[in-house]
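Q: Numbered by the working numbering, the letters in the sequence shown go through residues 38 to 439 in order. Here a beta-carbon is modelled for each residue, glycine too, at the ideal position from N, C-alpha and C.
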Amino acid sequence: MTASRVLVLNSGSSSVKYQLLDMTDRSRLAAGLVERIGEETSRLVHTPQPGGEAQPREQLGPIADHGAALKAVAAELAADGLGLDSPELAAVGHRVVHGGTRFTQPTVIDDEVLAEIRSLVPLAPLHNPANVTGIEVARALRPDIPQVAVFDTAFHATMPESAARYAIDAETADRYAVRRYGFHGTSHAYVSRATAALLGKAPEDVNVIVLHLGNGASASAVRGGVCVDTSMGLTPLEGLVMGTRSGDLDPAVIFHLARVGGLSIDEIDTLLNKKSGLLGLCGDNDMREILRRAGEGDRAARVAFDTYVHRLKKYIGAYSAVLGRVDAVAFTAGVGENAAAVREAAVDGLAELGLALDLEANAVRSGEPRLISAEYARVAVAVVPTDEELEIAAQAYALVTQ
Ligand code: AMP
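1. Taking DSSP's pairing of strands, which residues face Glu72 in a bridge?
2. Grab the span of the alpha helix (DSSP H) containing Tyr55 for me, first residue to last.
3. Using 10 angstroms around the beta-carbon of Val290, count the other beta-carbons present and answer buried if the total reaches 16, otherwise exposed.
4. DSSP puts Gly18 in a beta bridge; with which residues?
5. I'd like the span of the alpha helix (DSSP H) that includes Thr307, first residue to last.
6. With burial defined as no fewer than 16 other Cβ atoms inside 10 Å of the residue's Cβ, what is the status of Gly89: buried or exposed?
7. Within 10 angstroms of the Cβ of Arg329, are there 16 or more other Cβ atoms? Answer buried if so, exposed if not.
8. Which whole-angstrom value describes the C-beta separation of Arg216 and Arg230, a residue pair presumed to lie in contact below a C-beta threshold of 8 Å?
9. Which value, in whole angstroms, describes the spacing of the CA atoms of Ala383 and Asp122?
10. Hey, is Arg325 close to the ligand AMP, as in C-beta under 7 Å from one of its heavy atoms?
11. DSSP on His221, reduced to helix/strand/coil?
12. Quick check: the stretch 407-416 against the stretch 356-366, are there 3 or more CB pairs under 8 Å?
13. Would you list the residues sitting across from Phe368 in a DSSP beta bridge?
14. According to DSSP, is His195 helix, strand or coil?
15. DSSP puts Pro85 in a beta bridge; with which residues?
16. Rounding to the nearest angstrom, what Cα-Cα distance links Ala101 and Ile74 in this structure?
17. Assign Ser403 to one of three DSSP states: helix, strand, or coil.
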């Protein structure tokens with residue numbers, strides 16, 4: 038019997054999300070989340086056979102650190118006969134946010150790789166330290182099986198220099214590794230391929246604009262399966278209006294807030310990453326709440342919605358120009374998959390670019406990939422649920438079984 042299970046770990050500063058997949062049929066054996074690690078009120082929610090009959094199990098009470106969290110997860114899995122000590126576990130796949138220019142492919146982690154991921158912390162101070170911790174605890178638990186890092190930046194490594202460069206002094210940029218990297222890469226990779234499949238074509242034969250609209254949000258232009266531009270940059274702050282991030286702004290806003298407003302660099306960092314975007318505009322970062330409030334005539338919610346959609350439209354236009362020919366625009370993630378009103382508003386008025394919706398199809402709620410464009414439209418518009426865990430598992434499994 039060959040080992041076919043992959044555990045996918047997505048470690049945050051105080052949380053761990055996990056899924057156990059069987060790669061023989063790509064089925065999900067278990068999924069869950071540990072949150073508020075290090076607090077008195079830690080919580081583990083474990084779902085056996087997601088999508089099946091079994092009820093999630095919840096465990097409340099202090100979980101001291103990531104090591105204890107993974108042990109608690111291992112105990113939950115063992116209770117379902119899926120212990121992490123099983124010979125059927127082929128690999129652990131770790132989501133690692135920043136791979137810099139060094140990592141452009143999924144990579145088996147050894148001491149050297151781990152040290153290099155650690156050295157990228159200055160580029161992703163909010164994310165890479167937690168990813169490193171997750172790797173360390175999983176390695177301690179199963180030192181005998183491959184731990185694979187799958188990087189959020191990797192899919193975007195193919196961007197041409199003209200898209201990756203900022204137009205600043207080249208020497209300074211190079212010295213400090215300042216360039217555009219892009220994020221959400223596993224999602225953009227998965228969704229661009231799934232969109233090609235929905236059209237019945239090979240990824241090499243289609244040009245796709247992917248709109249990953251979750252709490253974080255990013256757009257990408259994918260030509261023949263290869264990313265040629267994306268909206269996030271050095272960090273996930275650039276680009277679209279997001280739940281709590283501003284996206285694009287004049288960098289001079291920062292100087293102005295520092296010089297005139299007296300804000301510190303850390304205060305501005307927090308302002309732009311955690312208190313801006315939809316939240317900053319109207320006090321809510323959940324699109325459901327914004328749609329409800331806007332529907333009741335709330336002006337701030339309406340402004341937030343319009344600003345969000347305006348930015349989205351600009352990126353659809355920009356990436357249509359970058360690609361020259363667009364075969365499909367794909368909406369994905371929490372907002373993209375669920376908010377028909379956002380999709381309708383983003384595509385509205387873009388008939389000149391070949392985009393038009395079938396409003397009835399757009400209104401249908403479904404967990405399946407589907408087309409929502411009008412029959413006469415030149416460009417297909419699709420809703421394609423993303424699956425970053427499956428993509429991480431598939432990439433890790435392919436690497437360890439090749
Ligand atoms: P994600 O980061 O992909 O999990 O997306 C989370 C976001 O999706 C939430 O903050 C909501 O704004 C949005 N969302 C989830 N469900 C819906 C829905 N039914 N309608 C509108 N927005 C939704």
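A: Looking at the atomic coordinates:
1. Arg80
2. Here Tyr55 belongs to no alpha helix (DSSP H); instead the beta strand (DSSP E) covers 53-59.
3. exposed
4. No statement about residue 18 is possible, as the shown extent of the chain runs from 38 to 439 and does not include it.
5. 302-311
6. exposed
7. exposed
8. Rounded to whole angstroms, the Cβ separation of Arg216 and Arg230 is 26 Å, and the two are not in contact under 8 Å.
9. Between Ala383 and Asp122, the C-alpha separation is close to 48 Å.
10. yes
11. coil
12. Contact between the stretch 407-416 and the stretch 356-366 is present: 3 or more CB-CB pairs across the two stretches fall below 8 Å.
13. Partner(s): Leu248, Val420.
14. The sequence as given places Thr at residue 195; His does not occur at that position. The answer is helix: DSSP assigns Thr195 an H, G or I state.
15. Ala67
16. Distance between the alpha carbons of Ala101 and Ile74: 6 Å.
17. coil
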